[in-house]
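Data block below; observations after.
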Ligand SMILES: *Cc1c(COP(=O)(O)O)cnc(C)c1O
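In the working numbering, the protein residues as written are 2 to 361.
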């Protein structure tokens with residue numbers, strides 16, 4: 002069996018070294034006589050796995066001491082509700098950037114729990130851009146400011162961190178976390194579903210400044226209160242233990258390979274060569290303004306959409322899979338997260354060039 006280059010937007014590829022290690026440890030983790038899946042989440046073995054995963058993530062992202070790291074379930078989609086339930090308590094209005102499909106969902110959900118003030122919308126430009134660094138006005142009395150640093154479906158990424166002043170900045174980093182270093186202290190809350198750039202689906206990582214863990218809106222279920230999880234080290238109920246273990250292996254490997262600076266270099270290079278290949282061809286096109294192009298999700302169209310099916314079929318023959326664009330966008334999308342080897346991007350580019358020569 003040979004491993005495929007899987008360009009899925011999520012669940013996405015995991016590093017082969019991580020999967021191999023998990024395979025080795027599958028039946029018997031560190032002479033415990035148990036699989037990680039069989040361990041009590043409160044036993045000393047799993048407690049050590051959880052503690053190391055958190056410590057490694059803290060080191061990787063340089064997370065300041067006044068932030069909690071929570072390992073939750075429910076996906077980024079649960080955070081769409083959990084954020085307003087926990088943060089829009091005394092103040093009832095929140096600012097949202099509307100940059101694509103995921104911020105749309107975040108906004109729709111937040112409207113159930115607070116007043117949403119859309120401070121910038123990319124709708125008119127068909128979601129192919131982000132605001133200018135000063136092209137929006139925030140409400141200084143907002144409960145928080147929410148944005149989606151990387152819109153996974155549109156392939157649109159903020160080239161800057163919005164300046165929210167004293168208002169807590171909340172970021173849905175599902176498809177960009179760990180792709181490069183970021184200054185965590187700029188944020189109130191960072192959340193991410195794991196299945197893009199961290200580990201398997203089923204784990205959600207939340208990084209939250211401690212002073213934001215407080216009273217919640219009336220009626221908020223215990224499981225939707227950050228305090229419940231923060232006060233119990235993410236062990237209020239059974240956490241997604243195997244996902245935490247795999248995420249821990251990913252963190253450990255990133256640290257061993259030079260951390261997020263090294264990862265950023267590789268990601269930047271992978272994205273740059275793919276965008277160059279698209280721009281230099283007369284056959285492929287990417288609709289996103291250059292400054293807002295995503296390092297992680299690269300949508301592109303063929304000059305003739307009639308060739309889409311042929312492209313996908315011939316790509317599979319080269320072990321290049323899941324390149325079909327999101328149904329709402331069409332065309333192709335290559336998701337090139339951390340775990341996509343550079344050789345996968347090189348193989349894709351080579352294939353695109355051969356395909357163009359053959360059909361254009
Ligand atoms: C995938 C994704 C989501 C949804 O994540 P779930 O874990 O499936 O809820 C939300 N936001 C962004 C930016 C995503 O890429």
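Ideal Cβ placement from N, Cα and C applies to all residues, glycine included.
Simplified DSSP assignment, three categories, for residue i
i, result
"residue 124", "coil"
"residue 325", "strand"
"residue 52", "helix"
"residue 289", "coil"
"residue 294", "strand"
"residue 140", "coil"
"residue 268", "helix"
"residue 216", "coil"
"residue 152", "strand"
Straight-line Cα distance separating residue j from residue i
i, j, result
"residue 114", "residue 120", "18 Å"
"residue 190", "residue 84", "8 Å"
"residue 25", "residue 37", "12 Å"
"residue 254", "residue 199", "11 Å"
"residue 280", "residue 337", "18 Å"
"residue 266", "residue 176", "17 Å"
"residue 317", "residue 339", "21 Å"
"residue 168", "residue 355", "51 Å"
"residue 162", "residue 150", "8 Å"
"residue 301", "residue 312", "12 Å"
"residue 387", "residue 148", "An answer regarding residue 387 cannot be provided, because it is not within the stretch 2 to 361 covered by the chain."
"residue 294", "residue 129", "9 Å"
"residue 116", "residue 319", "49 Å"
Beta bridge counterpart(s) of residue i as assigned by DSSP
i, result
"residue 300", "334"
"residue 194", "205"
"residue 71", "207"
"residue 116", "94"
"residue 146", "96 and 170"
"residue 6", "321"
Continuous beta strand (DSSP E) stretch holding residue i: start and end
i, result
"residue 171", "170-173"
"residue 78", "From DSSP, residue 78 is part of no beta strand (DSSP E) but of the alpha helix (DSSP H) over 76-88."
Start and end residues, alpha helix (DSSP H) containing residue i
i, result
"residue 256", "242-257"
"residue 350", "343-360"
"residue 28", "From DSSP, residue 28 is part of no alpha helix (DSSP H); its letter is neither H nor E."
"residue 239", "First-last for residue 239: undefined, no H or E at that position."
"residue 110", "102-111"
9 Å Cβ cutoff, residue i in contact with chain B
i, result
"residue 308", "Given the protein chain composition of this structure (a single chain), no chain B is represented."
Give me the pocket residues for ligand 3, defined as CB within less than 6 Å of any heavy atom, sorted by chain position. Absence of ligand 3 is noted for the structure shown, with ligand 1 being the only ligands found.
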